Each structure stands twice: as structure tokens, then as C-alpha cells.
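Numbering-wise, the sequence shown is residues 9 to 632 according to my numbering. All C-beta atoms in this analysis are idealised placements derived from N, C-alpha and C, irrespective of residue type, glycine included. Since we're looking at a predicted model, the values are computed, not measured. For reference, the structure discussed in these notes is given below.
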Amino acid sequence: MKSIITPFVESPRAAKLAFLIILDFCTFPVLIWLCYAIRRFDLGAEVVPHLAFGTLWVSVIAVASLFVCGVYRFIVRTYNEVFMIKMGLATALTVAGLYALAYFTPAFIPTSIPLMFGFLMFAWVWFSRGIIRFIIRSYLQADIQKKRIAIYGAGNAGQQVAAALYRSNEHLPVLFIDDKRSLTGQQVGRLKVYDAQTALKLMSKQKIDEILIALPSVGRVRKSEIIKFLEPAHLKITEIPGLTKLVDGEIRISDIQEVDIIDLLGRDPVPPVAELLAKNIKDKVVMVTGAGGSIGSELCRQIVKNQPVKIIIFELTEFALYSIDKELRLMSQCEIIPILGSVLDQQKLERVIEQYGVQTVYHAAAYKHVPLVECNPLAGLKNNAVGTAFSVNAAVKKGVETFVLISTDKAVRPTNVMGASKRMAELYCQAMAEAQDQTQISIVRFGNVLGSSGSVVPLFKQQIAKGGPITVTHPDVTRYFMTIPEASQLVIQAGALGVGGDVFLLDMGEPVRIQDLARQMIALSGLKVRDEQHPEGDIEIQYAGLRPGEKLYEELLIDQENTEITSHNRILRSFEKHVPLQEITQVFDKIQELSATQADIDWALSQLEYYVDGYQRGKEIKVN
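Laid out in C-alpha cells, this is it:
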């Protein structure tokens with residue numbers, strides 16, 4: 009049988025069309041005979057009396073009607089409401105054609121015959137296509153193991169997903185899960201709806217392979233609750249994109265994606281304030297240093313959305329500059345000026361700012377990988393601290409209106425050189441802000457961003473894909489997390505709130521235990537954690553110990569008391585002590601001249617210990 013079906017499936021569309029036309033043409037004479045036989049209760053009744061080749065005329069009319077109405081365009085793959093409507097039109101046209109045949113020819117066609125034939129014709133085409141499709145799928149997919157899917161959400165999106173899965177060769181929707189009590193026990197489409205508690209108990213019995221969340225409009229808090237509730241099922245959890253992505257009104261299999269890790273944080277983003285986003289960008293010349301980095305590149309994307317006159321993208325790495333330049337040109341009509349250069353070249357910074365009339369600078373250039381900077385302290389200190397000093401010097405000298413330093417929570421009572429170098433950069437910006445009033449200088453401090461280079465999330469994904477183990481530094485280590493777009497928007501808005509020397513803190517929500525994040529990612533993959541209590545699990549979590557300079561937890565505030573709420577409920581302003589510009593400048597001038605000798609490193613670290621609250625050099629520091 010398969011040897012017959014396979015060539016049919018693989019044959020050209022024209023051949024399939026010809027087969028269906030011939031099949032119908034040969035069947036319709038049988039149907040018209042059946043109509044006369046039923047009417048007269050006589051199997052030997054004459055068919056279409058008084059008209060030569062009457063049955064052939066009936067077949068011609070019926071096939072022509074089906075062709076004109078576009079029924080044959082569907083072949084057998086599509087079997088939906090549109091097909092039924094076209095079938096209805098073709099049937100009505102055929103009935104009208106038979107009445108016309110009775111009126112214009114001597115053929116004897118009683119009034120009931122066209123109606124009976126129309127009914128049988130509709131039933132034949134409908135069921136014949138269904139049977140053909142069933143046979144094809146049964147034979148060709150007999151060896152294919154379909155993935156059994158439970159759909160969370162029986163609304164419009166869930167029903168669209170179910171329809172798409174039914175059309176798929178690899179998936180089979182099995183049941184709906186929905187929180188609405190009115191839907192519990194109901195049949196939606198071909199699937200029964202269960203409440204969450206009942207469905208969780210049925211997962212094993214129904215041999216469910218995956219749970220798909222079809223709730224495009226639900227918030228992060230509720231989605232996080234759903235995911236945590238479903239964790240005991242130990243099944244892979246996926247989702248469909250949000251409403252903004254479903255602009256075509258039809259969900260496809262390709263739209264199904266892994267659950268965004270940010271949903272595990274359980275915090276809904278706050279919509280940005282348009283006025284704050286536009287204040288320092290719209291109709292202005294904007295410059296971003298470190299434009300090719302994780303934060304810098306996203307800042308560029310957000311900036312071009314707010315209609316600057318020009319954007320200068322300043323980057324040290326050639327490929328990173330090329331990548332963001334190419335991307336921005338595809339998404340924006342504003343003038344984009346790529347500059348390949350280092351923030352340690354103050355003269356070049358001054359020339360670029362003056363040449364293009366820069367009005368706003370977002371300084372995102374920095375070395376940020378804690379262990380690497382710990383082993384290369386002078387390189388980190390020069391790039392992060394001196395590079396910031398040169399950037400703000402150039403901005404002030406050339407009359408830039410607004411300068412925003414992108415800082416980090418690791419600058420607060422740091423245990424590493426990276427954090428201490430960023431705090432030194434903050435101190436210089438604060439001192440410069442106090443010493444002049446021409447340029448508004450602000451500092452924005454926030455925690456880890458999901459998806460940045462060095463983020464634990466892509467590392468954990470790689471480790472899970474390899475079968476583990478997942479490496480976590482310490483069981484109790486916690487971090488603040490935020491998405492890159494959300495962080496970038498808040499940076500821009502915070503810069504717009506500044507009056508000079510401000511230190512802004514972004515509300516990062518509650519800190520997340522890295523161990524819990526790893527466990528949730530394992531659960532989302534449909535796997536189990538392997539430990540002493542569950543030796544049969546799939547993925548082991550190993551604790552490697554804190555890396556050089558790493559803290560168990562991060563802070564955002566040096567002084568908890570000297571803070572105030574701004575007009576944006578996710579942005580706080582902190583008032584922190586700083587040192588005079590003349591004093592900090594002398595230190596920076598000396599750092600600039602240092603070389604990678606042990607004596608120079610010792611002196612540099614002693615300055616960090618003196619000026620940065622809470623910093624003490626680590627034992628792991630070495631000259632590389």
C-alpha cells in the first residue's frame with residue numbers, strides 16, 4: 009500500500025489534481041443513479057431519462073462547479089472552514105445546473121433529484137478528501153513518533169496553536185489546561201479542558217512530552233507562578249510569543265519558543281516614560297562609547313528609536329563596530345557615524361565631539377569580566393577609570409550638554425578590581441560635576457543583565473545541552489537581574505532626570521539565587537536535578553567556589569539613608585560622598601603613567617583601598 013501512496017504524495021500538483029477530477033467524474037454517475045434508485049425504490053430505475061448520456065452531463069456540471077468554485081485548489085492537505093464554504097457554493101451551483109438541465113432539455117429530472125444529488129455530492133467530496141488524507145497520514149506517519157503536547161490556555165491563542173499542531177507532522181495536541189472554571193470539563197475544538205491541578209496529575213497517564221503556554225497577554229508575575237506550579241511534572245515548557253509579535257493573526261509552529269528566562273524573575277517591566285526617553289536624544293547629536301558591547305549596542309538601538317539627528321558609535325573592537333553599524337543602518341534613517349577608537353585617546357575623543365557637535369554622551373566602554381580584570385588590574389583600572397576620566401574631560405572641554413556614565417552594582421563596597429575601578433570612575437565624574445556646571449554629568453548604577461556577554465544564562469544552556477553538569481560558584485550566591493532593553497531604557501531615562509553629579513540606582517527587583525536559576529532552567533528543559541536525594545536525576549549542579557574577586561551578593565547603595573525617589577518609580581537618586589577634583593586628578597595622572605610592574609600594581613591597589621569604601625585587594629591578583 010505504501011508503494012502506491014508514496015508516489016501519489018510525491019507526484020506533481022497537476023497530477024494530484026487530475027486524479028481527483030477523474031475520481032469525481034467517475035463517482036458522480038453513481039451518485040445520480042443512487043438518487044433515482046432511492047426516489048423510486050428501484051435499483052434498476054432509468055437514470056436521467058430522455059437525455060442521451062445524461063449521467064455524463066451530470067458529471068460535467070458537478071466537476072465544472074467544483075473547479076469554478078476553487079475546490080480543487082485545496083487537494084487534500086487543507087481541510088477547513090474555507091474549504092467547506094467553497095464546497096457549499098459548488099453544491100449550490102451544481103443544483104442550479106441540474107434544474108437548468110431539466111428546464112432546457114427533454115431530460116426527466118424530478119424536483120427532488122437535484123437536491124438529493126447536491127447532498128450526496130457534498131458528502132462525497134467532504135468524506136473522500138478526509139479519507140484520502142487519513143490514509144496518507146496513517147501510512148506515511150506510521151513510523152513517526154509525535155510529540156504529545158498539553159496546551160496551557162484554551163483561549164483564542166491556544167486554539168490557534170492546537171490547529172497549527174494538528175497540521176504538523178511532529179506534534180499532537182492532547183489536552184487544554186485553563187484557569188477558568190467555566191471551561192473546566194468542556195470540549196474546545198477536539199480537546200478537553202482541565203484545571204491545572206487535575207492536568208498535573210494526568211501528565212504521566214496521558215504520556216505528555218511537553219507543555220506549551222499559550223497565554224500571550226499574561227504578565228511575568230503570573231507566568232512565573234504557572235512555571236513554578238508545573239515544575240513537578242518535569243516536562244519541557246515552551247511558549248508562544250507575546251501579542252505584539254502575533255500581528256498576522258495566525259500562529260505558526262515556528263512561533264513556538266523556549267520560555268524567556270526573565271519570566272522566572274516574576275517582575276513585570278514598567279513602560280518607559282516617552283518624555284524622558286526623548287529629552288536628551290530627539291533632534292540631538294548623540295555619542296555612545298563602547299557601542300559594540302552588550303549594553304552599548306542596546307543603548308544604540310533604543311537611541312535610534314527616539315529620532316536623534318546623528319548617532320556616533322565609538323568602539324575599540326572592529327568586528328563589534330561593524331556589527332552594530334550594519335544593524336543600525338537597517339533599522340534607522342538617521343545618520344550613523346562609526347568611529348574606531350579607544351577611550352584612552354582623549355585627543356581623538358575631543359576631535360570627534362567637536363567635529364560632529366555632540367550634545368549627549370552615553371559612556372558604556374568598560375572591561376567588566378571580574379576574574380579577567382582581577383588578573384589584569386592595571387589594564388582594567390586604566391580602561392575603566394582613566395578611560396572614563398578622558399571621556400568626561402573631552403565632553404566638558406567641548407561643551408557636551410549631558411554625560412551619562414554606565415556603572416555597576418559591583419562598584420558598591422567592591423571585593424574586586426573591576427568594581428573598584430568603576431567606583432573610581434564614579435568618583436571622578438562626581439568631582440567633575442561639582443567643579444563645573446556646563447555639562448550635566450550623571451551616573452547610572454545597575455546589576456547584571458540577562459543575555460549579556462558573560463551572563464550565566466547562555467552558559468547554563470550550553471551545559472544543559474551537553475548533559476551537565478551545571479557549574480555554580482557557591483550555593484548561596486545571589487545576583488540582581490534585568491533584561492538588556494529594560495536596563496538601557498532606564499539608563500536613558502535616568503540620564504534625563506539628572507541635574508549634575510547624580511548617582512542613579514535602577515530598581516532591579518529582588519535578588520535571584522543563582523542555584524535556583526539553574527534548577528529552574530533544568531526544569532524548563534524537562535529534566536531533573538541529580539543530587540543525593542535524587543540520584544536518578546539528569547543534570548548535576550556542581551559548586552566550583554567563588555571566583556577571584558567575586559562576592560556572594562551585590563549591593564546598589566553605599567549609604568542606605570541618603571537616597572530619594574525620583575519621578576520614575578524604578579529609578580532612585582543617591583547622594584554619596586566624593587573627593588575634590590584636584591585630588592582625584594593627581595591620582596588619575598599617576599595611574600595613567602603606570603606600567604605592569606609589581607611596584608606599580610601595589611601602588612595602584614593601595615589607592616583603590618584608600619579611595620574606594622570597602623575595597624581590600626584579593627590574594628588572587630597577579631601580573632599578567
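So, helix, strand or coil for Ala158, using DSSP?
-> Walking along the sequence shown from the start, residue 158 turns up at place 150. Three-state result, Ala158: strand.
Straight-line CA distance for Asp539 to Thr481?
-> Within the sequence shown, the letter at position 531 stands for residue 539. Within the sequence shown, the letter at position 473 stands for residue 481. So the two alpha carbons sit approximately 17 Å from each other.
Determine the closest residue to Val511 out of Glu544, Gln528, Ile451 and Gln501, with distance taken between C-alpha atoms.
-> Translated into positions along the sequence shown, residue 511 becomes position 503. Nearest of Glu544, Gln528, Ile451 and Gln501 to Val511, Cα basis: Ile451.
Buried versus exposed, by CB contacts within 10 Å (16 or more), Pro316 = If you number the sequence shown from 1, residue 316 lands on position 308. So Pro316 ends up on the buried side.
With a cut-off of 8 Å on the beta carbons, I'd call Cys308 and Val296 a contact; round off their distance for me.
-> For this step, residue 308 is matched to residue 300 along the sequence shown. For this step, residue 296 is matched to residue 288 along the sequence shown. Yes, they are in contact, since the Cβ atoms of Cys308 and Val296 sit about 5 Å apart, within 8 Å.
Can you name, in chain order, every residue of its own chain whose Cβ lies under 8 Å from the Cβ of Pro37, other than the five neighbours on each side?
-> Reading the sequence shown from its first residue, position 29 is the one you call residue 37. So the list reads Val55, Thr63, Leu64, Val66 and Ser67, once near-sequence residues are dropped.
Which residues mark the beginning and the end of the alpha helix (DSSP H) in which Leu338 is found?
-> For the purposes of this step, residue 338 is taken as residue 330 along the sequence shown, with counting starting at 1. First-last of the alpha helix (DSSP H) with Leu338: Glu326 to Met339.
Would you check if the stretch 540-555 and the stretch 491-510 touch, i.e. whether three or more CB-CB distances between them fall below 8 Å?
-> no
Inter-residue spacing [alpha-carbon to alpha-carbon] between Tyr623 and Thr416 | By 1-based counting over the sequence shown, the position of residue 623 is 615. By 1-based counting over the sequence shown, the position of residue 416 is 408. Approximately 15 Å between the Cα atoms of the pair.
One or two residues paired with Gln195 in a DSSP bridge | For the purposes of this step, residue 195 is taken as the residue at position 187 of the sequence shown. In DSSP, Gln195 forms a bridge with Lys200.
In whole angstroms, what separates the C-alpha of Arg175 from that of Gln168?
-> Mapped onto the sequence shown, residue 175 falls at position 167. Mapped onto the sequence shown, residue 168 falls at position 160. Each residue's Cα considered, the two are about 11 Å apart.
Host beta strand (DSSP E) of Tyr551 (start-end) = Residue numbering aside, residue 551 sits at position 543 when the sequence shown is read from its first letter. Start and end: Ile547 to Tyr551.
Smallest Cα separation from Ala98: which of Ile319, Cys77 and Ala473?
-> Along the sequence shown, read from residue 1 onward, the residue named residue 98 stands at position 90. Out of Ile319, Cys77 and Ala473, Cys77 has the C-alpha closest to the C-alpha of Ala98.
For Val507, the first and last residue of its enclosing beta strand (DSSP E) = To locate residue 507, count along the sequence shown from 1; it is residue 499. No beta strand (DSSP E) holds Val507; DSSP gives it neither H nor E.
Looking only at its own chain, which residues have a Cβ that is under 6 Å from the Cβ of Ala504, when we skip the five neighbours before and after it?
-> Taking the sequence shown and counting its residues from 1, the one referred to as residue 504 is at position 496. Leu284, Lys287 and Asn288, listed in sequence order.
Could you check where the alpha helix (DSSP H) with Ser614 kicks off and where it finishes?
-> What you label residue 614 is simply residue 606 of the sequence shown in a count that begins at 1. Note, Ser614: alpha helix (DSSP H), Gln606 to Tyr619.
Looking at the structure shown, is Gly622 part of a helix, part of a strand, or coil, going by DSSP?
-> Numbered from its first residue, the sequence shown carries residue 622 at position 614. In the structure shown, Gly622 sits in coil (DSSP, three-state: anything other than H, G, I, E or B).
Going along the chain, which residues of its own chain have a beta-carbon closer than 8 Å to the beta-carbon of Val103, five neighbours each way excluded?
-> Residue numbering aside, residue 103 sits at position 95 when the sequence shown is read from its first letter. Closer than 8 Å at the Cβ level, and outside the excluded window around Val103, lie Pro122, Leu123, Phe125 and Gly126.
Beta-carbon proximity check, Met211 vs Leu243, cutoff 8 Å | Translated into positions along the sequence shown, residue 211 becomes position 203. Translated into positions along the sequence shown, residue 243 becomes position 235. The answer is yes: Cβ separation under 8 Å.
To the nearest angstrom, how far is it from the Cα of Ser603 to the Cα of Ile609?
-> Working through the sequence shown from its first residue, we reach residue 603 at position 595. Working through the sequence shown from its first residue, we reach residue 609 at position 601. Those two C-alpha atoms are separated by around 8 Å.
Which term fits Pro114, buried or exposed, when burial requires 16 or more other beta carbons within 10 angstroms of its beta carbon?
-> Here residue 114 refers to the residue found at position 106 of the sequence shown. The residue in question, Pro114, is exposed, as its Cβ has fewer than 16 Cβ neighbours within 10 Å.
8 Å Cβ cutoff met for Ala612 and Pro385 = The residue given as residue 612 occupies position 604 in the sequence shown. The residue given as residue 385 occupies position 377 in the sequence shown. Their beta carbons are under 8 Å apart, which means Ala612 touches Pro385 by this criterion.
Pro483 (DSSP reduced to helix, strand or coil) = Sequence index remark: in the sequence shown, residue 483 carries index 475 (1-based). Reduced to three states, the DSSP call for Pro483 is coil.
Cα-Cα, which of Ile185, Glu218, Glu494 and Leu220 is closest to Thr206?
-> Taking the sequence shown and counting its residues from 1, one reaches residue 206 at position 198. Of the listed residues, the one whose Cα sits closest to Thr206 is Ile185.
Mind checking which residues open and close the beta strand (DSSP E) that includes Pro346?
-> Mapped onto the sequence shown, residue 346 falls at position 338. Pro346 -> beta strand (DSSP E) spans Glu343 to Leu348.
Residue environment, Tyr44, which counts as buried when at least 16 other CB atoms sit within 10 Å | The residue you call residue 44 lines up with position 36 of the sequence shown. Under this definition Tyr44 is a buried residue.
Simplified DSSP assignment, three categories, for Met529 | As a first step, residue 529 must be located in the sequence shown, where it is residue number 521. If DSSP states are grouped into helix, strand and coil, Met529 belongs with the helices.
In terms of alpha-carbon separation, which member of Val90, Ser533 and Gln615 lies closest to Leu220?
-> Looking up residue 220 in the sequence shown gives position 212. Residue Ser533 is the option with its Cα nearest to Leu220.
Helix, strand or coil for Pro289, going by three-state DSSP, please let me know.
-> The residue you call residue 289 lines up with position 281 of the sequence shown. First, the residue type needs correcting, since residue 289 is Ile and not Pro in the sequence shown. Residue state, collapsed to three classes: coil.
What beta strand (DSSP E) runs, 3 residues minimum, are completely inside the stretch 57-110?
-> none
Return the CA-CA distance between Val73 and Asp50, expressed in angstroms with no decimal places.
-> Numbered from its first residue, the sequence shown carries residue 73 at position 65. Numbered from its first residue, the sequence shown carries residue 50 at position 42. The sequence given here has Ser at residue 73, not Val. Near 29 Å, if we compare the C-alpha coordinates of Asp50 and Ser73.
Are the C-beta of Leu380 and some C-beta of chain D separated by less than 8 Å?
-> Checking the listed chains, one finds no chain D in this structure; it contains a single protein chain.
Keeping to the same chain, check which residues put their C-beta closer than 7 Å to that of Leu39; ignore five residues upstream and five downstream.
-> As a working mapping, residue 39 is identified with position 31 in the sequence shown. These residues qualify, in order along the chain: Phe125, Leu128, Met129 and Trp132.
Could you pull out every residue in the same chain whose Cβ sits closer than 6 Å to the Cβ of Asn391, ignoring the five residues on either side in sequence?
-> If you number the sequence shown from 1, residue 391 lands on position 383. Excluding residues within five positions, the ones whose Cβ falls inside 6 Å are Tyr375.
Length of the line joining the Cα atoms of His576 and Ala495 = One-based indexing of the sequence shown puts residue 576 at position 568. One-based indexing of the sequence shown puts residue 495 at position 487. For His576 and Ala495, the distance between alpha carbons rounds to 14 Å.
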